[in-house]
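**Q**
There are 2 protein chains.
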Amino acid sequence: MRTMNSYASPRLANLATWQLSRAAARSHRVLHEHLAAEGASGYEYRVLAALGDLGPASQADLGRAAALDRRDVTHTVRDLHARKLVIRRADPDDSRQMLVELTTAGAAMLERLDLVVDEVQDVVLAGLTPAQRRTLVHLLDKLS
Amino acid sequence: MRTMNSYASPRLANLATWQLSRAAARSHRVLHEHLAAEGASGYEYRVLAALGDLGPASQADLGRAAALDRRDVTHTVRDLHARKLVIRRADPDDSRQMLVELTTAGAAMLERLDLVVDEVQDVVLAGLTPAQRRTLVHLLDKLS
DNA sequence: TGATACTGTTGGTTAAACCAACGATAACCA
DNA sequence: TGGTTATCGTTGGTTTAACCAACAGTATCA
Numbered sequence: 131m132r133t134m135n136s137y138a139s140p141r142l143a144n145l146a147t148w149q150l151s152r153a154a155a156r157s158h159r160v161l162h163e164h165l166a167a168e169g170a171s172g173y174e175y176r177v178l179a180a181l182g183d184l185g186p187a188s189q190a191d192l193g194r195a196a197a198l199d200r201r202d203v204t205h206t207v208r209d210l211h212a213r214k215l216v217i218r219r220a221d222p223d224d225s226r227q228m229l230v231e232l233t234t235a236g237a238a239m240l241e242r243l244d245l246v247v248d249e250v251q252d253v254v255l256a257g258l259t260p261a262q263r264r265t266l267v268h269l270l271d272k273l274s
Numbered sequence: 131m132r133t134m135n136s137y138a139s140p141r142l143a144n145l146a147t148w149q150l151s152r153a154a155a156r157s158h159r160v161l162h163e164h165l166a167a168e169g170a171s172g173y174e175y176r177v178l179a180a181l182g183d184l185g186p187a188s189q190a191d192l193g194r195a196a197a198l199d200r201r202d203v204t205h206t207v208r209d210l211h212a213r214k215l216v217i218r219r220a221d222p223d224d225s226r227q228m229l230v231e232l233t234t235a236g237a238a239m240l241e242r243l244d245l246v247v248d249e250v251q252d253v254v255l256a257g258l259t260p261a262q263r264r265t266l267v268h269l270l271d272k273l274s
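Which chain is which? The protein sequence lines are A and B, in order.
Residue 131 is where the first sequence starts when you use the working numbering, and the numbers rise one by one after that.
Residue 131 is where the second sequence starts when you use the working numbering, and the numbers rise one by one after that.
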């Protein structure tokens, strides 16, 4: 909530799932605001990041790497393509697939977004020491 | 993601905000499924829980206790009222306010949902020891 | 070769979290 | 006391994220 009055009723405040979802909501809000300031959505960053890691990839692979449904990858890639941040070409080895690739502008955008996302980590984790941050990530990891 | 292939690209997997949002998404999915099986949405549980803690309360207070926008409280309360889980009456001391109150059926529903939500905690936190659960909640708390 | 699986697309749905503007009422304080 | 400011609940929206069914085309495997 924008106004974090921390009035939350005890029934809710005692739930781990409540704390988790509150923390994630706050984190999401900060991330979203910072990405929006650079003209990107969460899905767009995720696809760009996956492309940065994978290099040219099919949409199906992008979906797996960015944890996106393939229909959402379709929309996001169309969007990125319209903004000339990626190019698409047929895969010569598998004509079911499209190979998606970063353009120079796309790679530059990703570089900018990576910096923004790093800032977001600091904002979100501001209350924790480095050791606590590691512990948190480790525990969250065990939830999946 | 339904298919948790944990393929996530390193750029994403290294982000605390990513782990946080993945864990929260999973937790949310489990909670949503369990609540839906009892015929309730997340907003509905939150309002019922707030009523259980506060007793008769104005919609504004419910919004603060459940971290809901007051417009969303309006919709949720209308819904609960249509299902005879709450009653509404004018506050004699402040005619701007409506006092919302659990019916017997509403209290019974809340009792059932509380049990369901407790089960959800166990499902979501299954990978953690009790000490780790406390640590996690403590760290999440420091993020807000 | 025939069944099965995968790819990308069209065209949706739902929950959650937000927002502007309004009329009515209460609170504040000059 | 009167006038400003704040609060309450409502109408009527928006956006993001996360999902789904069904289809045609292509690859794979038995």
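Every residue, glycine too, gets a C-beta built ideally from N, C-alpha and C.
From a predicted model like this one, the values you see are computed outputs, not experimental measurements.
1) Buried or exposed: where does Thr133 (chain A) fall if 16 or more other Cβ atoms within 10 Å of its Cβ makes it buried?
2) Check the Cβ-Cβ distances between Val250 (chain A) and every residue of chain B, and say whether any is below 8 angstroms.
3) Which same chain residues end up closer than 8 angstroms to Arg194 (chain B) when comparing Cβ atoms and leaving out the 5 residues on each side of it in sequence?
4) Beta-carbon within less than 6 angstroms of Gly172 (chain B)'s beta-carbon, same chain only, minus the 5 sequence neighbours each way: which residues are those?
5) Using a Cβ cut-off of 8 angstroms (strictly closer), state whether Val247 (chain A) contacts chain B.
6) On a CA-only basis, which of B:Leu266, B:Asp224, B:Arg213, B:Ile217 is nearest Gly169 (chain B)? Give me that one, please.
7) So, helix, strand or coil for Glu231 (chain B), using DSSP?
8) Express the C-alpha separation of Arg263 (chain B) and Asn144 (chain A) in angstroms, rounding to a whole number.
9) Classify Leu273 (chain B) as buried or exposed, calling it buried when 16 or more other Cβ atoms lie within 10 Å of its own Cβ.
10) Give me the subset of the region 139-159 of chain A whose CB atoms are less than 7 angstroms from a CB atom of chain B, sorted by chain position.
11) CB-CB under 7 angstroms to Asp202 (chain A), same chain, minus the five flanking residues each way: which ones, in chain order?
12) At what residue ranges does the region 136-218 of chain A contain a whole run of the alpha helix (DSSP H), taking only runs of 4 or more?
13) Does the Cβ-Cβ distance between Gln149 (chain A) and Leu270 (chain B) come in under 8 angstroms?
14) Does the separation of the CB atoms of His164 (chain B) and Val254 (chain B) fall below 8 angstroms?
15) Exposed or buried, Asn135 (chain B), counting other C-beta atoms within 10 Å across all chains shown (16 or more means buried)?
16) For Ala154 (chain A), count neighbouring Cβ atoms within 10 angstroms of its own Cβ and tell me buried if that reaches 16, exposed if not.
17) Over what stretch of residues does the alpha helix (DSSP H) that includes Asp341 (chain B) continue unbroken?
18) Which residues mark the beginning and the end of the alpha helix (DSSP H) in which Ala261 (chain B) is found?
19) Quick one: what's got a C-beta closer than 7 angstroms to Ser157 (chain B)'s C-beta in the same chain, skipping five residues either side?
20) Would you decide whether Asp221 (chain B) is buried or exposed? Buried here means 16 or more other CB atoms lie within 10 Å of its CB.
21) Out of A:Met228, A:Asp223, A:Pro140, A:Leu198, which has the shortest C-alpha to C-alpha gap to Leu178 (chain B)?
22) Under 7 angstroms from any heavy atom of the ligand MG, does the C-beta of Asp248 (chain B) make it?
23) Give a yes or no on whether the minimum CB-CB distance between Thr234 (chain A) and chain B is below 8 angstroms.
24) What number of angstroms, rounded off, separates the C-alpha of Leu161 (chain A) from the C-alpha of Asp223 (chain B)?
25) Counting contacts by CB-CB distance shorter than 8 angstroms, is Gly185 (chain A) in contact with chain B?
26) For Leu198 (chain A), which residues in the same chain have their Cβ closer than 8 angstroms to its Cβ, ignoring the five residues on either side in sequence?
27) Does the beta carbon of Val254 (chain B) come closer than 8 angstroms to any beta carbon on chain A?
**A** In short:
1) The count along the first sequence starts at 1 and reaches residue 133 (chain A) at position 3. Note that Thr133 (chain A) scores a pLDDT of 36, beneath 50, so its modelled location is shaky; the value from the coordinates is reported in the next line. Exposed.
2) The residue labelled residue 250 (chain A) in the question sits at position 120 within the first sequence. True, the Cβ-Cβ gap to chain B drops below 8 angstroms.
3) Residue 194 (chain B) sits at position 64 when you count from the first residue of the second sequence. Excluding positions up to five away in sequence, the list is empty.
4) The residue labelled residue 172 (chain B) in the question sits at position 42 within the second sequence. Around Gly172 (chain B): no qualifying Cβ.
5) Counting from 1 along the first sequence, the entry for residue 247 (chain A) is found at position 117. For Val247 (chain A), at least one C-beta of chain B is nearer than 8 angstroms to its own C-beta.
6) Here the question's residue 169 (chain B) lines up with position 39 in the second sequence. For the residues B:Leu266, B:Asp224, B:Arg213, B:Ile217, the minimum Cα distance to Gly169 (chain B) belongs to B:Arg213.
7) As a working note, residue 231 (chain B) is residue 101 in the second sequence. Glu231 (chain B): strand per DSSP, three-state reduction.
8) Here residue 144 (chain A) refers to the residue found at position 14 of the first sequence. Here residue 263 (chain B) refers to the residue found at position 133 of the second sequence. Their Cα atoms are separated by approximately 12 angstroms.
9) Indexing the second sequence from 1 puts residue 273 (chain B) at position 143. Flag for Leu273 (chain B) reads buried.
10) Ser139, Pro140, Arg141, Leu142, Leu145, Ala146, Thr147, Gln149, Leu150, Ser151, Arg152, Ala153, Ala154, Arg156, Ser157, His158
11) On the first sequence, residue 202 (chain A) is found 72 positions in, with the first residue counted as 1. Excluding sequence neighbours, Asp202 (chain A) sits near Tyr173.
12) 140-143, 146-167, 172-184, 189-196, 200-212
13) For the purposes of this step, residue 149 (chain A) is taken as residue 19 along the first sequence, with counting starting at 1. For the purposes of this step, residue 270 (chain B) is taken as residue 140 along the second sequence, with counting starting at 1. Yes, they are a contact pair.
14) What you label residue 164 (chain B) is simply residue 34 of the second sequence in a count that begins at 1. What you label residue 254 (chain B) is simply residue 124 of the second sequence in a count that begins at 1. It is not a contact, given that the beta carbons lie outside the stated cut-off.
15) As a position in the second sequence, residue 135 (chain B) is number 5, starting the count at 1. Low per-residue confidence applies at Asn135 (chain B): pLDDT is 45, beneath 50, and the placement is therefore not dependable, though the value from the model is reported in the following sentence. By the neighbour-count rule (16 or more Cβ atoms within 10 Å), Asn135 (chain B) is not buried but exposed.
16) In the first sequence, residue 154 (chain A) corresponds to position 24, counting from 1. With 16 or more Cβ atoms within 10 Å of its Cβ, Ala154 (chain A) is classed as buried.
17) An answer regarding residue 341 (chain B) cannot be provided, because it is not within the stretch 131 to 274 covered by chain B.
18) The residue given as residue 261 (chain B) occupies position 131 in the second sequence. 260-273 is the extent of the alpha helix (DSSP H) around Ala261 (chain B).
19) Indexing the second sequence from 1 puts residue 157 (chain B) at position 27. Excluding positions up to five away in sequence, the list reads Val254.
20) Residue mapping note: residue 221 (chain B) aligns to position 91 of the second sequence, counting from 1. That one is exposed.
21) On the second sequence, residue 178 (chain B) is found 48 positions in, with the first residue counted as 1. Residue A:Pro140 is the option with its Cα nearest to Leu178 (chain B).
22) With respect to small molecules bound, the structure shown includes none, and the ligand MG cannot be examined in it.
23) The residue labelled residue 234 (chain A) in the question sits at position 104 within the first sequence. Answer no: the Cβ-Cβ gap between Thr234 (chain A) and chain B never drops below 8 angstroms.
24) Working through the first sequence from its first residue, we reach residue 161 (chain A) at position 31. Working through the second sequence from its first residue, we reach residue 223 (chain B) at position 93. Rounded to the nearest angstrom, the two C-alpha atoms are 43 angstroms apart.
25) Position 55 of the first sequence, counted from the first residue, corresponds to residue 185 (chain A). Not closer than 8 angstroms to any Cβ of chain B, the Cβ of Gly185 (chain A) fails to qualify, so no.
26) Translated into the one-based positions of the first sequence, residue 198 (chain A) becomes position 68. So the list reads Tyr173, Arg176, Val177, Leu192, Thr206, once near-sequence residues are dropped.
27) Translated into positions along the second sequence, residue 254 (chain B) becomes position 124. By this cut-off, Val254 (chain B) is an interface position.
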